[in-house]
Structures are given as C-alpha cells and as structure tokens.
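Engineer:
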Amino acid sequence: MAQLLFFGRLGDLAGGIERQMILSQPHAITDIIGLLDAGDRLLGSALAEPRVRYAINGAIVDGDTLVEDEDELAFLPPVSGG
Amino acid sequence: MAQLLFFGRLGDLAGGIERQMILSQPHAITDIIGLLDAGDRLLGSALAEPRVRYAINGAIVDGDTLVEDEDELAFLPPVSGG
Amino acid sequence: MRRSVRISPLPFDPEAEIAAFRQSLENAGGMVSFTGMVRPSGQDGAVSALSLQHYPGMTERGIEEMLDDVASRWSLEAVLVIHRVGEMGPHEPIVLVVTASEHRRAAFEAADLLMDYLKSRALFWKSETGAQGRVWIEPRDEDYADAARWDER
Amino acid sequence: MRRSVRISPLPFDPEAEIAAFRQSLENAGGMVSFTGMVRPSGQDGAVSALSLQHYPGMTERGIEEMLDDVASRWSLEAVLVIHRVGEMGPHEPIVLVVTASEHRRAAFEAADLLMDYLKSRALFWKSETGAQGRVWIEPRDEDYADAARWDER
Chain A
1 MAQLLFFGRL
11 GDLAGGIERQ
21 MILSQPHAIT
31 DIIGLLDAGD
41 RLLGSALAEP
51 RVRYAINGAI
61 VDGDTLVEDE
71 DELAFLPPVS
81 GG
Chain B
1001 MAQLLFFGRL
1011 GDLAGGIERQ
1021 MILSQPHAIT
1031 DIIGLLDAGD
1041 RLLGSALAEP
1051 RVRYAINGAI
1061 VDGDTLVEDE
1071 DELAFLPPVS
1081 GG
Chain C
2001 MRRSVRISPL
2011 PFDPEAEIAA
2021 FRQSLENAGG
2031 MVSFTGMVRP
2041 SGQDGAVSAL
2051 SLQHYPGMTE
2061 RGIEEMLDDV
2071 ASRWSLEAVL
2081 VIHRVGEMGP
2091 HEPIVLVVTA
2101 SEHRRAAFEA
2111 ADLLMDYLKS
2121 RALFWKSETG
2131 AQGRVWIEPR
2141 DEDYADAARW
2151 DER
Chain D
3001 MRRSVRISPL
3011 PFDPEAEIAA
3021 FRQSLENAGG
3031 MVSFTGMVRP
3041 SGQDGAVSAL
3051 SLQHYPGMTE
3061 RGIEEMLDDV
3071 ASRWSLEAVL
3081 VIHRVGEMGP
3091 HEPIVLVVTA
3101 SEHRRAAFEA
3111 ADLLMDYLKS
3121 RALFWKSETG
3131 AQGRVWIEPR
3141 DEDYADAARW
3151 DER
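Chains A, B, C and D are the protein sequences, given in the same order.
Quick note on the numbering used here: the first sequence kicks off at 1 and runs consecutively.
Quick note on the numbering used here: the second sequence kicks off at 1001 and runs consecutively.
Quick note on the numbering used here: the third sequence kicks off at 2001 and runs consecutively.
Quick note on the numbering used here: the fourth sequence kicks off at 3001 and runs consecutively.
(1) Could you give the distance in angstroms between the alpha-carbon of B/Leu1036 and the alpha-carbon of B/Ala1028?
(2) Which chain C residues sit within Cβ distance under 7 Å of A/Arg9?
(3) Considering only their Cβ atoms, is the gap separating C/Trp2074 from A/Ser80 smaller than 8 Å?
(4) Between the Cα of A/Gln25 and the Cα atoms of A/Gly63, A/Asp71 and A/Pro50, which residue gives the shortest distance?
(5) Spell out the partners DSSP gives C/Val2005 in its beta bridges.
(6) So with Cβ pairs under 8 Å, would you call D/His3083 a contact of chain B?
(7) Anything in chain A within Cβ reach of C/Ile2018, meaning under 7 Å, just list it in chain order.
(8) Under the assumption that D/Ala3111 contacts D/Gly3030 (Cβ atoms under 8 Å), give the Cβ distance between them as a whole number of angstroms.
(9) Going by C-alpha distance, which of C/Leu2114, C/Ala2028 and C/Arg2134 is nearest D/Arg3104?
(10) Hey, would you say D/Leu3000 sits closer than 8 Å to D/Ala3078, going by beta carbons?
(11) Buried or exposed: which applies to B/Gly1039, given that a residue is buried once 16 or more other Cβ atoms fall within 10 Å of its Cβ?
(12) Determine the closest residue to C/Glu2017 out of C/Leu2050, C/Gly2089 and C/His2083, with distance taken between C-alpha atoms.
(13) How is C/Arg2134 classed by DSSP in three states: helix, strand or coil?
(14) So the candidates are B/Gly1063, B/Asp1069 and B/Asp1062; which of them puts its Cα closest to the Cα of B/Gln1003?
(15) I'd like to know whether the C-beta atoms of B/Gly1008 and D/Gln3053 end up nearer to each other than 8 Å.
(16) Whole angstroms are fine: how far does the CA of C/Ala2145 sit from the CA of A/Gly63?
(17) Note down, in chain order, each residue of its chain lying with its Cβ closer than 6 Å to the Cβ of C/Arg2006, except the 5 sequence neighbours on either side.
(18) Bridge partners of C/Ser2101, per DSSP?
(19) Contact defined as beta carbons within less than 8 Å: I believe D/Glu3015 pairs with C/Ala2100. What is the distance between those atoms, to the nearest angstrom?
(20) When the cut-off is 8 Å and only beta carbons count, does C/Asp2151 lie next to chain D?
(21) Identify which residue in A/Phe75, A/Ala74, A/Leu66 and A/Ala48 has its Cα closest to the Cα of A/Leu23.
(22) Consult DSSP for B/Gly1039 and reduce its assignment to one of helix, strand or coil.
(23) Return the CA-CA distance between A/Gly16 and A/Phe6, expressed in angstroms with no decimal places.
(24) Please report the straight-line C-alpha distance between C/Lys2119 and C/Leu2080, rounded to a whole angstrom.
(25) In angstroms, rounded to a whole number, what distance separates the CA positions of C/Asp2068 and C/Arg2003?
(26) Do the CB positions of C/Ala2148 and C/Arg2121 come within less than 8 Å of each other?
(27) Under a Cβ-count criterion, where at least 16 other Cβ atoms within 10 Å of its own Cβ denotes burial, should B/Met1001 be classed as buried or exposed?
(28) Using the rule of at least 16 other Cβ atoms within 10 Å of the residue's Cβ for burial, across every protein chain shown, is C/Glu2142 buried or exposed?
(29) Under the assumption that D/Glu3102 contacts D/Asn3027 (Cβ atoms under 8 Å), give the Cβ distance between them as a whole number of angstroms.
(30) Which value, in whole angstroms, describes the spacing of the CA atoms of D/His3091 and C/Leu2010?
(31) What separation, rounded to the nearest whole angstrom, lies between the Cα atoms of B/Leu1073 and B/Leu1013?
(32) Please identify, using Cβ separations under 9 Å, the residues of the segment 2114–2129 of chain C that lie next to chain A, in order along the chain.
(33) Just grab the DSSP bridge partners of D/Tyr3055 for me.
(34) Count the other CB atoms, across all protein chains shown, that sit within 10 Å of the CB of C/Glu2109; report buried if there are 16 or more and exposed otherwise.
(35) For D/Met3058, go through chain B and note every residue whose CB falls closer than 7 Å to its CB, in chain order.
(36) Short of 6 Å in beta carbon distance, which residues of its chain neighbour C/Trp2150, apart from the five on each side in sequence? Order them along the chain.
Given below as structure tokens:
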C-alpha cells in the first residue's frame, strides 16, 4: 500500500495530510494524479499545478517516476519557512 | 590653557593621554605639532603622520585650523573598534 | 564546523540558546544571530495564530545539505539552526540561526544565506489564521530574489 | 526608529540585552544581533588582555551620526549599540549590535553596516597585551574595504 502525503494547502483539499492507495502495479506520478483527479477535480488540478513538486521516499523526482506499492509519495506545494 | 589629548599609541609616546599647553595667542595645529616636535622628535613625527586626524572641541578639522587657549585639541590615530 | 539542527513543536528561548552557543565557542571573534518572530499583523491583517508544518526527515536532510553548502563557502566555528513547527501565537519565536567565525564577515554572510534558504527553499509550510480564517503563505517575490543572490557565487 | 547607544567600562551580558530588546519589540518579524568577543589568539599570538579607549562625547556623537544614516537607509523598529571600553580578557564581549525590522533584509544590512562602521570609523583605539607586550591594533585592510561597500549606495 502506497502512502500519499499532502503538505500545505494540499492537505486541506485532500481532507488530511495522509492517504493510502493500493497500487497493484507501479504507476507514474502523473497517472496517480489522474486517479485522484477522477475522484476529486479540485484536488487533482491543485496537484497538477507546475509549482507542486513530488518526492518519493524523501527524494525529489519528476512526474514520470514510477511509484511502487511500498513507496511514500509526497506532494510538496511552494514552501514558506521562518 | 589649551587641553591636548593623545589617543591610541600617541598617548604612549606623549607619556599620557592629556597635556596642557599655554597659548598666549592662537596657533595653527601644524605649529603646535612643531612646538611638540622641538621637545620630542618621536612624538612630533608621529603626530605629523598623514593618517593622524585632528579634532578641536570634538569636531574634525584640518591642520591649518587655529587653536585658542580655551580649546581642546585631540590627536586621533587610525581607529580600531569592536 | 560544529553544527546543530533542531526542528521541534516545543517553544524555545532564543537568548538561552544564543548564550549556550556563545559559551561553547573557543576561538570565534564574532557571532551573528537571527531570530524570526510571529508578527502580530500579517499579510491579511491581525494574526491570531500561525501554524508551521514540515516533512519529518526530508526537511532535516534539506537543512543539513544547506549546512554542507555553508561549510564549503566559509570558515565557521559553529552553526545552530532551530525551527519551530506546529501552532504558535503573535511574538513567539519561529526560527533561530546562530553562526560564529573568527572574523565577522563569514558569520554575517552564512546567517544571511541560511535565512534566505530557510524562507524560500526549506520544506516548511506556513498558514496564518486571522479574521478571514486560515490562509496558506507562500514566499514573497523578495524571498525568492534573496535566495537567488547566492546561486551564482 | 528607537535607538539606544551605550559605551561603558562595565562588562555586559549580551543575551540579557538581546532578550530585553526582543521583549520591547512591537511589530518586528526579524531581529539580528552581532556580538564581538575578545579572541584568545590575536594578531600576535596568545592575548592575555585587550584594552579599548574612546573619546568620551565625540565617540558617542559619531555613533549617533551612524544611526542617523542607518535610519535614513532602512525602515527599522529599533537599534541597540553597546560598546565596552577599558580592560578586558579573552572571550569577554566587546561589542553588541542588535537591529529589528518588519522583514529580515533591513535588519541584516543595518547590523552589517553598523559593525563595518564601528570597526573602521568609530573613535575607538584598541591595544592587545600578549607575549610581546602591548601592541596597538589598526583596522585590517578588510575592515576598510567592508566599510567602503556602503559609500556608493
């Protein structure tokens, strides 16, 4: 089961910071966004914004990268520290 | 009586930070350096170095400025704070 | 370069941290600190609360990489970074960066770069709760420009 | 801009001063401090004591003029300058500059400029006593260059 993390305002749209997703086979991140978009257009379009970055298991990756069932996939909107 | 102040290493050469000098008439600072030089060549040449600045009553002035008998004349070598 | 990074939901006392840091110094002649506080008025008027979120593990690794960069640019004796997360109110300290070096320029520049990075590149997400409810904050254009100053060097 | 300048032969506690300064702030989001300490090894090897002399009245006026310049360049909430004079030993604080502003850039730049000025232009004369006896210190070329950075702006 893949762990999905939604940071910042994405967590408000997703209704929580964490969500699980069962991936019977590896999926590209863009495909996963498509699946989420099918369930919630608002969330899907927010995740597809160009300023949102993706990380798999704590490393920044691009949208073509495949997510496996044991992975942690994080959606990172623009940051604002300090 | 004019008050002469010697800061930094100039005080070591002058044998103290303060010295009094009776000026029966106004003298240019360069003349006062000449008088001091006559008594102590080491002090005189240190005071004449181009990096030494002069202040009369707390205001920076140049060497032509006249010092009166009630004035405070300070010799300021290069500074080094903080 | 000695380094210490702490991300915590607990309040911290900036001056107690600065004092302990200073006492630990052996040969530094200069120490620079930056303390960031919650401003009582934010982008959207009066702020009643501020919330900071991070990505545990990844945020810390990102800051450690910034410190590798800092260590490669300047000769510093020590660096301290404390960043608060969770909920906090007006005037509470959010972030503290302290740097120490033999001569002051390195300490100033390192603290400046670290703050630029923390504001615009470190993985923190900030929201302010005011009269209009909760608003997520993004870096100001000025923050991106500040951080970009270090890219060419 | 609230301002406070103190030149004193008494030791001071930098962090107690920074804490009091921070508590006084009303709307600043950032505070920068620089603390200068006596380095145990100076230009001439181990330093056993350092002595700082000033010109009472004229030195204070010079610093007030620097603060006029600072106030004209940046929007700051408050500035504090403390400079010690007289005799002091290794690790003792010599100088403290603290600045606070709404956004951090002004606080960083103002503290940086004030330190450049204090090091190279303010009326202080410093001597170090080490193995070779007492040596008067003059600014390093770097200090003059640092201060000159602000002249064109």
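Heads up, the beta-carbon is just placed ideally off N, CA and C, and yes, glycines get one too.
Note that the coordinates shown come from a computational prediction; the quantities given were computed from them, not determined experimentally.
Structural biologist: In short:
(1) Along the second sequence, one-based indexing puts residue 1036 of chain B at 36. Along the second sequence, one-based indexing puts residue 1028 of chain B at 28. Straight-line Cα distance between these residues: approximately 13 Å.
(2) If you number the first sequence from 1, residue 9 of chain A lands on position 9. What A/Arg9 touches in chain C: Trp2136.
(3) The count along the first sequence starts at 1 and reaches residue 80 of chain A at position 80. The count along the third sequence starts at 1 and reaches residue 2074 of chain C at position 74. No, these two residues do not count as a Cβ contact at 8 Å.
(4) On the first sequence, residue 25 of chain A is found 25 positions in, with the first residue counted as 1. Answer by Cα proximity: A/Asp71.
(5) Taking the third sequence and counting its residues from 1, the one referred to as residue 2005 of chain C is at position 5. C/Val2081.
(6) Numbered from 1 along the fourth sequence, position 83 holds the residue referred to as residue 3083 of chain D. True, the Cβ-Cβ gap to chain B drops below 8 Å.
(7) Walking along the third sequence from the start, residue 2018 of chain C turns up at place 18. Neighbours of C/Ile2018 on chain A: none; closest Cβ ~17 Å, over 7 Å.
(8) Counting from 1 along the fourth sequence, the entry for residue 3111 of chain D is found at position 111. Counting from 1 along the fourth sequence, the entry for residue 3030 of chain D is found at position 30. At roughly 11 Å, the Cβ-Cβ gap does not stay under 8 Å, so D/Ala3111 and D/Gly3030 are not in contact.
(9) Counting from one through the fourth sequence, the residue named residue 3104 of chain D turns up at place 104. Of the candidates C/Leu2114, C/Ala2028 and C/Arg2134, the one whose C-alpha sits nearest the C-alpha of D/Arg3104 is C/Leu2114.
(10) The requested residue 3000 of chain D is not part of the displayed model; chain D covers only 3001 to 3153.
(11) Residue mapping note: residue 1039 of chain B aligns to position 39 of the second sequence, counting from 1. When all chains shown are included, B/Gly1039 counts as exposed.
(12) Mapped onto the third sequence, residue 2017 of chain C falls at position 17. Among C/Leu2050, C/Gly2089 and C/His2083, the Cα nearest to that of C/Glu2017 belongs to C/His2083.
(13) Indexing the third sequence from 1 puts residue 2134 of chain C at position 134. Three-state result, C/Arg2134: strand.
(14) Position 3 of the second sequence holds residue 1003 of chain B. When each option's Cα is compared against that of B/Gln1003, the closest is B/Asp1069.
(15) Residue numbering aside, residue 1008 of chain B sits at position 8 when the second sequence is read from its first letter. Residue numbering aside, residue 3053 of chain D sits at position 53 when the fourth sequence is read from its first letter. In this structure, D/Gln3053 lies closer than 8 Å to B/Gly1008 by Cβ.
(16) Translated into positions along the first sequence, residue 63 of chain A becomes position 63. Translated into positions along the third sequence, residue 2145 of chain C becomes position 145. Looking at the two C-alpha atoms, the distance is approximately 27 Å.
(17) Here residue 2006 of chain C corresponds to residue number 6 of the third sequence, with the count starting at 1. The residues are Ile2082.
(18) Residue mapping note: residue 2101 of chain C aligns to position 101 of the third sequence, counting from 1. DSSP lists C/Gly2030 as partners of C/Ser2101.
(19) Looking up residue 3015 of chain D in the fourth sequence gives position 15. Looking up residue 2100 of chain C in the third sequence gives position 100. At roughly 14 Å, the Cβ-Cβ gap does not stay under 8 Å, so D/Glu3015 and C/Ala2100 are not in contact.
(20) Counting from 1 along the third sequence, the entry for residue 2151 of chain C is found at position 151. Answer no: the Cβ-Cβ gap between C/Asp2151 and chain D never drops below 8 Å.
(21) Locating residue 23 of chain A in the first sequence gives position 23, where the first residue counts as 1. When only C-alpha atoms are compared, the closest one is A/Leu66.
(22) Residue mapping note: residue 1039 of chain B aligns to position 39 of the second sequence, counting from 1. In this structure, B/Gly1039 counts as helix in the three-state DSSP scheme.
(23) By one-based count along the first sequence, residue 16 of chain A stands at place 16. By one-based count along the first sequence, residue 6 of chain A stands at place 6. Taking the straight line joining both Cα atoms gives about 7 Å.
(24) For the purposes of this step, residue 2119 of chain C is identified with residue 119 of the third sequence, where counting begins at 1. For the purposes of this step, residue 2080 of chain C is identified with residue 80 of the third sequence, where counting begins at 1. Their Cα atoms are separated by approximately 16 Å.
(25) On the third sequence, position 68 is the one that residue 2068 of chain C refers to. On the third sequence, position 3 is the one that residue 2003 of chain C refers to. Going by the C-alpha atoms only, they are around 10 Å apart.
(26) Start at 1 with the first residue of the third sequence, and residue 2148 of chain C comes out as number 148. Start at 1 with the first residue of the third sequence, and residue 2121 of chain C comes out as number 121. Against a cut-off of 8 Å, the Cβ pair of C/Arg2121 and C/Ala2148 comes out as no contact.
(27) In the second sequence, residue 1001 of chain B corresponds to position 1, counting from 1. Label assigned to B/Met1001: exposed.
(28) Stepping through the third sequence from its first residue, residue 2142 of chain C is reached at position 142. The residue in question, C/Glu2142, is exposed, as its Cβ has fewer than 16 Cβ neighbours within 10 Å.
(29) In the fourth sequence, counting from the first residue as 1, residue 3102 of chain D sits at position 102. In the fourth sequence, counting from the first residue as 1, residue 3027 of chain D sits at position 27. Correct: roughly 6 Å between the Cβ atoms.
(30) Reading the fourth sequence from its first residue, position 91 is the one you call residue 3091 of chain D. Reading the third sequence from its first residue, position 10 is the one you call residue 2010 of chain C. Spanning the two alpha carbons is a distance of roughly 31 Å.
(31) Numbered from its first residue, the second sequence carries residue 1073 of chain B at position 73. Numbered from its first residue, the second sequence carries residue 1013 of chain B at position 13. Spanning the two alpha carbons is a distance of roughly 16 Å.
(32) Met2115, Tyr2117, Leu2118, Lys2119, Ser2120, Arg2121, Ala2122, Leu2123, Phe2124, Trp2125, Lys2126 and Ser2127
(33) By 1-based counting over the fourth sequence, the position of residue 3055 of chain D is 55. Looking at the DSSP assignment, D/Tyr3055 forms no beta bridge with any residue, so it has no partner.
(34) In the third sequence, counting from the first residue as 1, residue 2109 of chain C sits at position 109. By the neighbour-count rule (16 or more Cβ atoms within 10 Å), C/Glu2109 is buried.
(35) Numbered from 1 along the fourth sequence, position 58 holds the residue referred to as residue 3058 of chain D. By Cβ distance, chain B contributes Ala1055 and Gly1058.
(36) On the third sequence, position 150 is the one that residue 2150 of chain C refers to. Excluding positions up to five away in sequence, the list reads Leu2113.
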